[in-house]
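Participant: Below: one structure in structure tokens.
Numbering (our numbering), first residue to last: 1071 to 1283.
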């Protein structure tokens, strides 16, 4: 599964909107891509971030800044680095510092039970017994990992088809109004996510400053 893919296929959307031929496949592909990126943007409340549901093809390095944890006596004073979504612990390498960089042992992927719920890890905790610890310097933590999600959630797939079908309907509603006032079916297509899409993606929105999102 590639990084930032479309979350449904042209065949699936054709069946969903009852299109019988492939003549509109290019338009359908564009609608799926647009809907997928709109969902990415809606699923991350952090400034200048977006949450996508694909996965990097290979392990790659990314840089993060650590903070002191303060969640109770057991963890107070320990370090934590909030990260992008980490798909798997396989191939994970964590280093701190710049000159020289030191590989860290004793890290904990957080939330601990994320994989049981089909979720990615969103932070690294540094145990008190680690041989090396990060500092407050920006980008002091380098993490090599496979980033993203192990699979696209079913709710995200369904949200993509709903939003893409809404985008397709804009071809027949150039001024943002669909239906007919004569038969009472007039509807304005507002510049926002479909309300049902908002409901579907809400559990996947990553909030500011929370490991459990």
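The beta-carbon is built from N, C-alpha and C at its ideal position, and this holds for glycine as well.
So, do the segment 1122-1136 and the segment 1151-1164 have three or more beta carbon pairs nearer to each other than 8 Å?
Facilitator: As far as the Cβ criterion goes, the segment 1122-1136 touches the segment 1151-1164, which means the pair count is three or higher.
Participant: Is the beta carbon of residue 1164 closer than 7 Å to that of residue 1172?
Facilitator: Reading the chain shown from its first residue, position 102 is the one you call residue 1172. Reading the chain shown from its first residue, position 94 is the one you call residue 1164. Result no, Cβ atoms of residue 1172 and residue 1164 do not sit closer than 7 Å.
Participant: Only counting runs of 3 or more residues, tell me where the beta strand (DSSP E) segments fall wholly within the segment 1158-1211, in order along the chain.
Facilitator: Complete beta strand (DSSP E) runs here, min 3: 1163-1166, 1177-1180 and 1191-1196.
Participant: Taking the continuous alpha helix (DSSP H) assigned at residue 1133, which residues delimit it?
Facilitator: In the chain shown, the residue the question calls residue 1133 occupies position 63. From DSSP, residue 1133 is part of no alpha helix (DSSP H) but of the beta strand (DSSP E) over 1130-1134.
Participant: Kindly indicate which three-state DSSP category residue 1137 falls into: helix, strand or coil?
Facilitator: Reading the chain shown from its first residue, position 67 is the one you call residue 1137. In this structure, residue 1137 counts as strand in the three-state DSSP scheme.
Participant: Going by C-alpha distance, which of 1136, 1196, 1076 and 1267 is nearest residue 1236?
Facilitator: Working through the chain shown from its first residue, we reach residue 1236 at position 166. It is 1267 whose Cα lies nearest to the Cα of residue 1236.
Participant: Are residue 1077 and residue 1230 touching if we call contact CB-CB under 7 Å?
Facilitator: Translated into positions along the chain shown, residue 1077 becomes position 7. Translated into positions along the chain shown, residue 1230 becomes position 160. Closer than 7 Å, so yes.
Participant: Rounded to the nearest angstrom, what separates residue 1183 and residue 1271 at their Cα positions?
Facilitator: As a working note, residue 1183 is residue 113 in the chain shown. As a working note, residue 1271 is residue 201 in the chain shown. Cα to Cα, residue 1183 sits roughly 21 Å from residue 1271.
Participant: For residue 1120, which residues in the same chain have their Cβ closer than 6 Å to its Cβ, ignoring the five residues on either side in sequence?
Facilitator: To locate residue 1120, count along the chain shown from 1; it is residue 50. Within the same chain, residue 1120 has close Cβ partners 1110, 1111 and 1114.
Participant: If you reduce the DSSP assignment to three classes, tell me which class residue 1213 lands in.
Facilitator: Locating residue 1213 in the chain shown gives position 143, where the first residue counts as 1. Three-state DSSP puts residue 1213 in a strand.
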